[in-house]
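Residue numbers (this note's numbering): 5 to 336.
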């Protein structure tokens, strides 16, 4: 899996590409074990081109671009590309080993092979240690990472425009990382404090408040029916609920769907046979409980102890093995 916060703050930069021999890029590929029938070349959230892959996993196309960074997406995985008119880029890859198998040749290959190798190195970087470091150590480690990334980039002797844009990407990614770190620090301060309460509509009827679960651990899922990552956690949450059925823990899901989607929420819970305690917040993102935890993105999971004290303000997801490790330690 790619580091989510690193990807979220990737800058898609472009500059004018005048004075080149060709006014287009040629791009071709041989793909083994392809994930789909198309490759999408994206510029930010816009699809620049949709390219069909033939039955042998081969495609060849050309397009006019502004010099800069783009994303190649095969419907499952993605990779960063550096494109400019005049490139004649060839790619060989195995979609089963997506990042590890990317190899480019032809004009423009040096920069794109650099991006592919940088992505692999980033996967190995210990972001968990960085995000749990003290403020002083975090700043020191970020400074060291920036210096090392810049040095590696300079040593590669690549296109000067690429180097300039990639330095900007590195700086923006580290700023995004700093923002994420600061948000994590603020969230961690909530741990070991008494949780804010709630009193929300229960799918089964009536209202339910946090105090109703006094004496039990409470694992809370803040979610919404429109949230894809939230829905992706549902099968895992069902398995966790099943494993700990009868234990001293309640599983509570709090929807922050808009009030106008109340009936949609009711139907979704019924149709998907969601378990646990299903509640709907009263003011969406502006609900007091949601605001008290500084929630700006979902899904968000919270673990509260039998006395109403916050164990983890940002608990592990159901899909993470860490969750069951933590629950086993608490409940056994």
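C-beta: ideal position from N, C-alpha, C; glycine also.
Nothing here was measured: the structure is a model prediction, and the numbers come from that model.
query: Burial state of residue 125 (16 or more Cβ within 10 Å); result: exposed
query: Local conformation of residue 317 per DSSP, three classes; result: coil
query: Separation of residue 77 from residue 114, as counted between CA atoms; result: 20 Å
query: Beta-carbon separation (whole angstroms), residue 214 vs residue 312, contact threshold 8 Å; result: 7 Å
query: Touch test, the stretch 181-195 against the stretch 280-294, Cβ-Cβ under 8 Å, three pairs minimum; result: no
query: Status (buried if at least 16 other CB within 10 Å, exposed otherwise) for residue 292; result: exposed
query: Spatial distance of residue 71 from residue 47 (CA atoms); result: 11 Å
query: Under 8 Å between C-beta atoms of residue 304 and residue 286; result: no
query: Contact between the stretch 224-237 and the stretch 250-264 (3+ Cβ pairs under 8 Å); result: yes
query: Where residue 162 falls: helix, strand or coil (DSSP); result: coil
query: Residues that residue 128 bridges to, as DSSP identifies them; result: According to DSSP, residue 128 bridges with nothing at all.
query: For residue 269, the first and last residue of its enclosing alpha helix (DSSP H); result: 266-275
query: Distance CB(residue 93)-CB(residue 31) smaller than 8 Å; result: yes
query: Residue 105: first and last residue of the uninterrupted beta strand (DSSP E) it sits in; result: That residue, residue 105, is in no beta strand (DSSP E); its alpha helix (DSSP H) goes 102-105.
query: Where the alpha helix (DSSP H) containing residue 81 begins and where it ends; result: Looking at the DSSP string, residue 81 is not in any alpha helix (DSSP H), and its letter there is neither H nor E.
query: C-beta atoms of residue 96 and residue 80 nearer than 8 Å; result: no
query: Residue-level contact to chain C via CB, residue 245, 8 Å cutoff; result: Absent from the structure: chain C. Only one protein chain is present.
query: Close Cβ partners of residue 327 (< 6 Å) along its chain, the five nearest in sequence each way excluded; result: 320
query: Classification of residue 322 by the beta-carbon crowding that lies within 10 angstroms, buried from 16 upward; result: buried
query: According to DSSP, residues forming a beta bridge with residue 254; result: 222
query: Residue 300 - DSSP class collapsed to helix/strand/coil; result: coil
query: Segment limits, beta strand (DSSP E) that includes residue 333; result: No beta strand (DSSP E) contains residue 333, which is instead part of the alpha helix (DSSP H) from 325-335.
query: Length of the line joining the Cα atoms of residue 164 and residue 60; result: 37 Å
query: Residue burial classification, residue 36 (beta-carbon count within 10 angstroms, cutoff 16); result: exposed
query: Proximity below 8 Å, CB of residue 116 to CB of residue 86; result: yes
query: Whether residue 139 touches residue 182 by CB criterion (8 Å); result: no
query: Span of the alpha helix (DSSP H), counted from its first residue to its last, around residue 247; result: 232-247
query: Simplified DSSP assignment, three categories, for residue 92; result: strand
query: Sequence-distant residues of the same chain with beta carbon closer than 6 Å to residue 244, five excluded per side; result: 322
query: Buried versus exposed, by CB contacts within 10 Å (16 or more), residue 294; result: buried
query: Proximity winner among 288, 207, 331, 290, relative to residue 277 (alpha-carbon distances); result: 207
query: Contact under 8 Å by Cβ, residue 42 with residue 56; result: yes
query: Residue environment, residue 355, which counts as buried when at least 16 other CB atoms sit within 10 Å; result: Here the chain comprises residues numbered 5 to 336, so residue 355 is not present and cannot be evaluated.
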